[in-house]
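Residue numbers (this note's numbering): 26 to 283. All residues carry an ideal CB built from backbone N, CA and C; glycine is no exception. Predicted model, so just to flag it, every value in this text is computed and none were measured. To keep things clear, I will list the structure first and then write my remarks on it.
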Amino acid sequence: MKLASFNINGVKARAEVLGRWLDEAQPDVAVLQEIKSVDENFPRDLIESRGYQLETHGQKGFNGVAILSKLPLSDVRRGLPGDDSDEQARWIEAVVGDTGLRVCGLYLPNGNPTPGPKYDYKLAWMARMQARVEALLAEEVPVAFGGDYNVIPQPMDAARPDAWREDALFLPQTRAAFRRLERLGLYDALRLLRPGPGEYSFWDYQAGARQRNDGIRIDHWLLTPQAADLLQDCWIETKPRDWEKPSDHTPIWVELAA
DNA sequence: ATGGTAGGGGGCCTA
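Following this line, the structure appears as structure tokens:
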């Protein structure tokens, strides 16, 4: 089974790219971030006409996540637990078919500017995610956490790490919080299979970042041990970043024996 | 040090 995570930066602006990508790449499951749409206005036909079940968790203007799957989804849950006052749509999860695999799609807060309330929210959100991960790890089942983490884990994950030293995506506290997630017992799928530098999932629209390959790796799949046991491959698909009217992110894939 | 670009919504904010 092939699963992809793709921050599409606006589902309506990205209809052409998204349709082409689904046709060519044929994910079994995909998690989308930054749909930037309320659920009622999501172009469902774009997804459903291609044979996918679609579950959305949108909000007006910003954020918003979705899961689509060729196998039926069950136990769909929207929103990251731990703060009833949090209205930002950044988390959705579901169980895929009868595989026993749970997929969580997440859009972790950017956190800039720092310091300030947005960075505080990012760190608090990461602490809440840790609690959800702990609960799922205790079940000892395969779970794949895919999404835009807005975390550059290591210097090798940026073409120019020095340019990000003061950024919320790369501050020591951010990287430590990401390591805490890993230390609970999760595996960074890409790093299991591709230990070297030069693996990027985001290039800014500005200043010719794509042309200069001035990228960062901030989209990740983290796996519970039971999911990592099923891991067959993991890769970043760079082509969609060079299509007409692209997202500033590109898809990251895991292939699981599920 | 600055500004460069993009999407959404309806007039600046987020990234």
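8 Å CB neighbourhood of I33 in its chain, flanking five on each side removed:
Residues R39, V42, L43, L57, Q58, E59, I60, S272, H274 of the same chain have their beta carbon placed closer than 8 Å to that of I33, with the five preceding and five following residues left out of the count.
On the DSSP bridge assignment, give the partners of L281 in chain order.
BP columns for L281 point to L256.
Given this structure, state the Cα-to-Cα distance separating D64 from A232, to the nearest angstrom.
In a straight line, the C-alpha of D64 is about 34 Å away from that of A232.
Considering only DSSP beta bridges, list what G172 is partnered with.
According to DSSP, G172 bridges with L131, H245.
Distance, Cα to Cα, D109 vs R237?
Here the C-alpha atom of D109 lies approximately 43 Å from the C-alpha atom of R237.
Taking the CB atoms as reference points, tell me whether R208 and V168 lie closer together than 7 Å.
No.
Going along the chain, which unbroken runs of the beta strand (DSSP E) with 3 or more residues stay wholly within the region 41-116?
Fully contained in the region 41-116 are the following beta strand (DSSP E) runs of length 3 or more, in chain order: 54-58, 78-82, 90-94, 98-103.
Those runs of the beta strand (DSSP E) which lie wholly inside the region 163-242 and span at least 3 residues
Listed in chain order, they are 168-173.
In angstroms with no decimal places, state the Cα-to-Cα distance between D182 and G172.
Computed Cα separation, rounded: 16 Å.
Could you tell me the boundaries of the beta strand (DSSP E) in which K27 lies?
Following the DSSP letters along the chain, one finds K27 inside the beta strand (DSSP E) bounded by residues 27-32.
Chain-order list of residues whose beta-carbon lies under 8 Å from that of D267 (same chain, five-residue window excluded):
For D267, same chain residues with a beta-carbon under 8 Å away, outside a window of 5 residues either side, are R235 in chain order.
Whether or not the region 220-231 and the region 251-259 are in contact is what I'm after, with contact meaning three or more pairs of Cβ atoms, one per stretch, closer than 8 Å; do they touch?
Counting C-beta pairs with one atom in each stretch, the region 251-259 and the region 220-231 have fewer than three that are closer than 8 Å, which means they do not touch.
Grouping DSSP H, G and I as helix and E and B as strand, with all else coil, what is V36?
Coil at V36, not helix or strand.
Does the distance from the CB of P222 to the CB of F203 come in under 7 Å?
No, Cβ-Cβ distance for P222 and F203 is not below 7 Å.
Would a C-beta distance cut-off of 7 Å place L161 and A214 closer than the cut-off?
Contact: no.
Taking all protein chains shown into account, do 16 or more other C-beta atoms lie within 10 angstroms of the C-beta of L218, making it buried, or fewer, making it exposed?
Classification for L218: exposed.
Run through the DSSP bridge pairs and tell me what A119 is partnered with.
DSSP output for A119 lists V128 as bridge partner(s).
Just to confirm before moving on: does the CB-CB distance between G130 and I72 stay below 7 Å?
Contact: no.
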